[in-house]
Amino acid sequence: MSVLSLKDVEHAYLGRSVLKGINLNVNAQEIVALVGPSGCGKSTLSHVAAGLLVPRGGALSRSYRRHAMIFQDPSLLPWATAAQNIGFGLRLARLPRGQRAARIAEAAAQAELQPADLTKYPVELSGGMRQRVAIARALAVRPDFIYFDEPFTALDVALRRRMQDLVIATCAGAGLAGLFITHDLNEAARIAHRVAVLDTYGAGILGDRPLPGRPGGRSDAQVQDWVTAALERDPLFRHIHDVDERQIA
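If you read the sequence shown in this note's numbering, its first letter stands for residue 2, the second for the next number, and so on.
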């Protein structure tokens, strides 16, 4: 059953079309990775799907209960501790104060944060730890759908892999649905159930490919074999590494 559906969705900036003819479905308990060349509109598509931007045309349907979003920049409040940042969405949701501490501790544990980390301010945390806080903030509201807008792009390779494992354990492994924006096909192949490709100029979804097995159940060799085959033999992925810095992301 589809929990997110985009049909002929369009969007424009200052009168210039950046997305058109977007048709995409995400099913319950499915993580879909969206890949495409830099500047093709992947982030814009995720912001439209999440309701941060109003589409210029088309139809958009969301049948999940609650969503959260994780951005490339953790976007933490610098004057608030890690615990206060995690609980920010709970305050907006008017969760009773007496229930917030338990929910914050639960989400922090899911993101593998230690109690001592929760008293620190963002400036005292490394980039990886700040991203863990952002993940915990998303998990704290107990969403059944999460939007990931290239959340690990700024991290080094080893740290990025640990963050991917965290997403697999807390999201894909927990049966959440999600849309994961990435420019890294290896990352998509580790995290997702299915990979969709956005056209170079945002003119529709060119197609998608299911991934074998489940996230977390694929060996590194299986991931690499799939990526190699996709890049070398599947025309769908021919242009995903093209770059046009004049396009809006």
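Note that CB positions come from ideal geometry on N, CA and C, so glycine has one too.
Exposed or buried, residue i, counting other C-beta atoms within 10 Å across all chains shown (16 or more means buried)?
i, result
"histidine 68", "buried"
"alanine 231", "buried"
"serine 76", "exposed"
"glycine 179", "buried"
"threonine 201", "buried"
"asparagine 86", "buried"
"alanine 141", "buried"
"arginine 234", "exposed"
"glycine 40", "buried"
Could you give the DSSP three-state label for residue i: helix, strand or coil?
i, result
"arginine 17", "strand"
"proline 38", "coil"
"glutamate 188", "helix"
"glutamate 31", "coil"
"arginine 66", "coil"
"aspartate 9", "strand"
"proline 152", "coil"
"isoleucine 249", "Low confidence applies to isoleucine 249: its pLDDT is 45, below 50, so where it sits in the model is not reliable, and the reading given next is rough at best. Reduced to three states, the DSSP call for isoleucine 249 is coil."
"aspartate 226", "helix"
"aspartate 200", "coil"
Would you call the CB atoms of residue i and residue j closer than 9 Å?
i, j, result
"arginine 138", "alanine 34", "no"
"proline 56", "leucine 20", "yes"
"alanine 175", "glycine 217", "no"
"isoleucine 105", "glycine 129", "no"
"leucine 237", "arginine 210", "yes"
"alanine 60", "lysine 8", "yes"
"alanine 193", "isoleucine 206", "no"
"valine 1", "leucine 199", "No statement about residue 1 is possible, as the shown extent of the chain runs from 2 to 250 and does not include it."
"serine 47", "valine 27", "no"
"phenylalanine 1", "isoleucine 182", "Residue 1 is absent from the structure shown; the chain starts at 2 and stops at 250."
"glycine 42", "glycine 214", "no"
Take residue i as the anchor and find which of the options has the nearest alpha-carbon.
i, options, result
"leucine 167", "Pro56, Glu113, Pro38 and Leu119", "Glu113"
"alanine 135", "Ile71, Arg92 and Val198", "Ile71"
"alanine 190", "Arg131, Gly205 and Arg162", "Arg162"
"glutamate 188", "Gln165, Leu126, His240 and Glu107", "Gln165"
* Asked: What residue ranges within the segment 70–150 form continuous alpha helix (DSSP H) runs of no fewer than 4 residues, ordered along the chain?
  -> 83–87, 89–93, 98–111 and 128–141
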